[in-house]
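Student:
Now the structure itself:
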């Protein structure tokens, strides 16, 4: 059973860069058939897809965030990461990393989520 | 891409059935049979309940079913149970390797 765990600072200052890492166990980010995703949830709000990476190669971003987002993968550590630049209070959210099964276009496994607050 | 439209709330008594809608466009819900539904309990991560419009992952009770007509998908929960009280989100493929989620529907079991 794959497990995903987010890690990173819980507090980021406005205009700075948010950086999170997802450590995957029980599965390989190099395996075919899966995208490795970042999804966020603003407090009390719905889910927002940020983007995903495939086999540390192909990367796809939500067009509304594309100018500020970078997703990367480190197969040696079986981790993938999120960087979001020029953050504002509107980026305060719970950030989830997740595994997305390509064939069925569904997110089958989720991390527990980590709250990132943007505040000075 | 815009978020899919869901009613903010739905409710039903134990044993009853309730249907939650998810409205999109021909560029997402209407264009692909890749609608998923997720259940989220407070403080927990979402859980996949339905994929490809109407398929259930192993372990999801048969009380949960999905359907689609045109640009609108639906999730029906039959024989409501107390543990079904949660927020439900729909998601759809939106082309060009993009995904879009709905705003969520809080299901209350009366």
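Protein chains in written order, with my numbering: chain X, 512 to 631; chain Z, 977 to 1086. Where is the CB? At the ideal position from N, CA and C, for every residue including glycine.
If you measure between the beta carbons of residue 550 (chain X) and residue 591 (chain X), is that distance less than 8 Å?
Tutor: On the first chain, position 39 is the one that residue 550 (chain X) refers to. On the first chain, position 80 is the one that residue 591 (chain X) refers to. Their beta carbons are not under 8 Å apart, which means residue 550 (chain X) does not touch residue 591 (chain X) by this criterion.
Student: Mind checking which residues open and close the beta strand (DSSP E) that includes residue 1075 (chain Z)?
Tutor: In the second chain, counting from the first residue as 1, residue 1075 (chain Z) sits at position 99. Note, residue 1075 (chain Z): beta strand (DSSP E), 1075–1077.
Student: Answer with buried or exposed for residue 618 (chain X), where buried requires no fewer than 16 other C-beta atoms within 10 angstroms of its C-beta.
Tutor: Here the question's residue 618 (chain X) lines up with position 107 in the first chain. That one is buried.
Student: Return the residues of the stretch 551–565 of chain X that lie within a Cβ-Cβ distance of less than 7 Å from chain Z, sorted by chain order.
Tutor: Flagged, chain order: 557, 558, 559, 560.
Student: With residue 535 (chain X) and residue 515 (chain X) assumed to form a contact (beta carbons below 8 Å), what rounded beta-carbon distance in angstroms separates them?
Tutor: Position 24 of the first chain, counted from the first residue, corresponds to residue 535 (chain X). Position 4 of the first chain, counted from the first residue, corresponds to residue 515 (chain X). Contact holds; Cβ gap of about 6 Å.
Student: Find out if the Cβ-Cβ distance for the pair residue 525 (chain X), residue 598 (chain X) is shorter than 8 Å.
Tutor: Reading the first chain from its first residue, position 14 is the one you call residue 525 (chain X). Reading the first chain from its first residue, position 87 is the one you call residue 598 (chain X). Cβ atoms of residue 525 (chain X) and residue 598 (chain X): closer than 8 Å.
Student: I'd like to know whether the C-beta atoms of residue 981 (chain Z) and residue 1050 (chain Z) end up nearer to each other than 8 Å.
Tutor: Residue 981 (chain Z) sits at position 5 when you count from the first residue of the second chain. Residue 1050 (chain Z) sits at position 74 when you count from the first residue of the second chain. No, these two residues do not count as a Cβ contact at 8 Å.
Student: Please go through the same chain and pick out, in chain order, the residues whose beta-carbon is closer than 6 Å to the beta-carbon of residue 583 (chain X), but skip the five residues on each side of it.
Tutor: Within the first chain, the letter at position 72 stands for residue 583 (chain X). Taken in chain order, the residues that qualify are 592.
Student: Does chain Z have any CB closer than 8 Å to the CB of residue 621 (chain X)?
Tutor: Taking the first residue of the first chain as 1, we reach residue 621 (chain X) at position 110. Chain Z, which has a Cβ nearer than 8 Å to the Cβ of residue 621 (chain X), makes this yes.
Student: Tell me, to the nearest whole angstrom, how far the beta carbon of residue 1064 (chain Z) is from that of residue 1080 (chain Z); I am working on the premise that it is less than 8 Å.
Tutor: Against the second chain, residue 1064 (chain Z) aligns to sequence position 88. Against the second chain, residue 1080 (chain Z) aligns to sequence position 104. With a Cβ gap of about 7 Å, residue 1064 (chain Z) and residue 1080 (chain Z) count as contacting.
Student: Considering only C-alpha positions, which residue in the set X:606, X:600, X:555, X:631 is nearest to residue 517 (chain X)?
Tutor: Residue mapping note: residue 517 (chain X) aligns to position 6 of the first chain, counting from 1. Among X:606, X:600, X:555, X:631, the Cα nearest to that of residue 517 (chain X) belongs to X:606.
Student: Considering residue 620 (chain X), what are the terminal residues of the beta strand (DSSP E) in which it resides?
Tutor: For the purposes of this step, residue 620 (chain X) is taken as the residue at position 109 of the first chain. From DSSP, the beta strand (DSSP E) with residue 620 (chain X) extends over 617–621.
Student: Pull the bridge partners of residue 594 (chain X) from the DSSP assignment, please.
Tutor: Counting from 1 along the first chain, the entry for residue 594 (chain X) is found at position 83. Its beta-bridge partners are X:530, X:581.
Student: Please list, in chain order, the chain Z residues whose beta carbon lies closer than 9 Å to that of residue 601 (chain X).
Tutor: Here residue 601 (chain X) is taken as the residue at index 90 of the first chain, counted from 1. Within chain Z, no residue comes near residue 601 (chain X); the closest Cβ sits about 15 Å away, beyond 9 Å.
Student: Given the structure, does residue 1037 (chain Z) come close to the ligand GTP, in the sense that its CB is under 7 Å from one of the ligand's heavy atoms?
Tutor: Looking at this structure, you won't find the ligand GTP or any other ligand, since it has none at all.
Student: Using the Cα positions of residue 595 (chain X) and residue 621 (chain X), report the straight-line distance between them to the nearest angstrom.
Tutor: As a position in the first chain, residue 595 (chain X) is number 84, starting the count at 1. As a position in the first chain, residue 621 (chain X) is number 110, starting the count at 1. Spanning the two alpha carbons is a distance of roughly 20 Å.
Student: Could you tell me which of X:538, X:586, X:520, X:626 sits nearest to residue 610 (chain X), measuring between CA atoms?
Tutor: Here residue 610 (chain X) refers to the residue found at position 99 of the first chain. Here the closest residue by C-alpha is X:538.
Student: Here's the rule I'm using: 16 or more other beta-carbon atoms within 10 Å means buried, otherwise exposed. How should residue 1057 (chain Z) be labelled?
Tutor: What you label residue 1057 (chain Z) is simply residue 81 of the second chain in a count that begins at 1. Exposed: under 16 other Cβ atoms inside 10 Å.
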